[in-house]
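Read the structure below first, then the notes.
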Amino acid sequence: MLKSVTLFLKRIFSLYGTTDALGTIESIRNSATIRGYNGWLLVASSMLACIGLDQNSAAVIIGAMLISPLMSPILGLGLAVGINDRDLLISALRNFFIAMGASLLVSTVYFLLTPLGDPTEQIIARTRPTTLDVLVAFFGGVAGVVAGSRKDKTNAIPGVAIATALMPPLCVAGYGIAKFDMEIFFGAFYLFFLNSVFIALATFLIVRYLGFPYVSYPDNETRRKAVRYISVFSFLLVLPSGVVMYALLKEIRTEQHVNQFLDSEFSKGSRKIIDYELTLTDSVNYLKLFMTGRFLPIDSVAILEAKSTEYRLKNIHLECIQDLPPLDGNNLANQTKLTVIKELQPLMEAQNQKLDSLRALLEVKRQDKSTTQTLQKEGRVVFPELEDILLSFEAVEVLSTGKADTLAVVIPTWKKGMSATNLRKLDLKMLAWVKTRFELDSVVVAHR
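Printed below as a string of structure tokens:
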């Protein structure tokens with residue numbers, strides 16, 4: 146059974162009977178030179194890619210990919226290493242750098258002169274290469290050299306040109322030079338270089354797999370060194386893309402958790418989340434909510450920040466834009482802003498009635514002085530670092546039910562000279578102690 150499967154797979158994936166090794170070598174050698182019509186195609190594809198990027202037009206960018214001759218010298222590099230042809234290697238390298246320099250020059254000049262020049266989605270999309278781009282380049286290179294090595298040529302080359310996308314990131318690098326934005330330049334140029342290397346690597350591997358004849362046969366030690374150098378270089382080249390991929394996956398997971406958080410905490414009440422902005426930093430993640438509906442008290446915002454940890458959100462700082470001032474309103478569509486304005490007026494009238502009843506509840510809770518006195522007396526014993534402490538009861542609304550509840554706000558004053566880390570630890574201990582000692586469910590620690 147296993148033998149039958151092996152024979153079947155060999156018959157399906159066999160390349161040897163239809164391979165034209167000498168014809169492929171000659172074809173790549175001739176097309177790897179950037180001169181004559183190739184030079185015209187290079188400039189034309191550079192201009193088309195720049196226009197497509199500038200106008201955010203995927204169709205124009207695809208056209209630039211199809212006519213770009215950039216892939217030919219890259220295939221020449223992989224072939225030269227695969228058959229140990231020093232002359233072809235030097236020629237391919239020279240033409241590769243000529244093509245790269247010419248494309249950078251054309252794109253830089255274009256983006257210096259264009260009246261548009263804003264960073265479009267097509268530009269931004271080519272500034273953060275990931276390991277997925279490595280796989281695209283590698284398998285695109287495999288398809289390109291396999292298709293090009295057949296006696297009967299196939300129609301796979303246009304698809305390879307579109308998949309590997311060499312010209313657009315190079316033109317985005319030119320955009321970065323023109324705008325003096327090195328972050329865009331390095332991100333796009335890294336994507337171009339990554340694609341180029343792994344297309345060449347795929348070419349090298351397929352050439353050796355198909356047994357193309359060597360121009361000068363290398364000894365075993367030279368071959369082992371070449372494999373080691375290629376492996377180490379490829380690993381080091383892929384490493385940054387893996388870091389970017391990890392960061393991208395982290396952002397995607399965080400956005401999923403944010404959506405779960407908003408759906409669970411805001412879907413049952415009368416409030417409506419129109420839009421949100423998530424800004425991730427190394428220390429704090431800022432979540433800005435654009436809301437309409439019943440007014441959300443500041444104390445409830447603190448409760449939501451604490452509850453966000455249940456949704457795997459760490460270090461979230463929550464900001465609620467509830468009345469949509471003009472500056473923040475620019476983030477929303479005009480039609481949405483009109484809808485918000487219409488909804489706010491009756492909701493605010495109902496909110497004022499709700500606030501009257503909450504104020505009455507708040508006055509009752511604030512009269513409980515015995516709890517405050519006990520807290521001050523025992524707190525200094527439990528916490529020697531404590532100088533003073535205040536306790537107030539705030540009226541808040543439970544988001545899931547819409548009913549009124551009270552929130553105990555503990556305001557400690559710690560002795561001076563302690564680090565922020567120690568203060569944070571003391572706040573957490575104080576929170577746990579107050580909850581246990583006074584049997585309170587809703588407690589937050591604040592500072593004046």
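One point on numbering: in my numbering, the residue at position 304 of the sequence shown is 449, and numbering is uninterrupted.
Where is the CB? At the ideal position from N, CA and C, for every residue including glycine.
If you count every other CB in all the chains shown that lies within 10 Å of the CB of residue i, and 16 or more means buried, which is it?
i	result
L573	exposed
Y335	buried
V527	exposed
I443	exposed
Q518	exposed
N340	buried
R439	buried
R416	buried
P470	With a pLDDT of only 47 at P470, under 50, the local geometry of the prediction cannot be trusted, and no value is derived from it.
D263	exposed
Y374	exposed
S564	exposed
V589	buried
L472	The predicted model places L472 with a pLDDT of 41, which falls under 50 and marks its position as unreliable; any figure quoted below should be read in that light. L472 is exposed by the Cβ-count criterion.
M575	buried
F325	exposed
D594	Here the chain covers residues 146 to 593 and nothing more, so residue 594 does not appear.
R368	exposed
L483	Residue confidence for L483 is low, a pLDDT of 47 falling below 50, so the modelled location carries little weight and cannot support an answer.
G197	buried
L434	buried
Using CA atoms only, rank isn't needed, just tell me which of the options is closest to residue i.
i	options	result
E266	D278, I329, A244, L250	I329
L311	Y255, M216, V205	M216
N430	E396, V360, W185	E396
S248	R271, P313, T276	P313
V554	S587, D427, A577, R295	S587
S386	Q521, V281, L441, L571	V281
S133	D420, L167, A318	There is no way to answer for residue 133, as the model of the chain reaches only from 146 to 593.
G184	L198, D230, T164, G246	G246
A323	V291, D230, L258	L258
G356	L571, D165, M575	D165
L585	L394, K570, S537	S537
T309	A451, R174, L211	L211
V579	R525, G562, N567, L394	R525
D199	F256, V226, D230, R231	F256
D232	R174, M327, P529, F583	R174
D427	A392, Y182, V291	A392
H592	R582, Q405, L568	L568
Y421	Q467, L394, R582	Q467
P363	K452, V226, Q405, Q401	V226
Assuming residue i contacts residue j under a Cβ cut-off of 8 Å, what Cβ separation, rounded to an integer in Å, is found between them?
i	j	result
I170	I307	I170 to I307, Cβ: 25 Å. No contact.
S172	S190	With 8 Å as the limit, S172 and S190 do not qualify as a contact, their Cβ atoms being about 20 Å apart.
V389	P274	6 Å
N240	P218	4 Å
F532	K560	Per the sequence presented here, residue 532 reads as Glu, with Phe not at that position. E532 to K560, Cβ: 6 Å. Contact.
V305	G285	5 Å
Please state if the CB of residue j and the CB of residue i are separated by a distance shorter than 8 Å.
i	j	result
A209	L224	no
C316	C195	yes
T276	G332	no
I122	Y354	With the chain represented from 146 up to 593, any question about residue 122 goes unanswered, as that position is not in the structure.
A371	F283	no
F337	V279	no
G289	L220	yes
I351	V287	yes
I461	L441	no
L423	T454	no
I448	M436	no
L187	A345	no
G319	S252	yes
L552	I534	no
L463	V446	yes
V403	L458	yes
Beta-carbon of residue i versus every beta-carbon of chain D: anything under 8 Å?
i	result
S248	In the displayed structure, chain D is absent; only one protein chain is listed.
- Query: Is the number of C-beta pairs between the segment 409-425 and the segment 372-379 that are closer than 8 Å three or more?
  - Reply: no
- Within the chosen definition, does the segment 249-269 reach the segment 196-207 through at least 3 CB pairs nearer than 8 Å? yes
- Task: Examine the Cβ distances between the segment 227-243 and the segment 177-194 and report whether three or more of them are shorter than 8 Å.
- Result: yes
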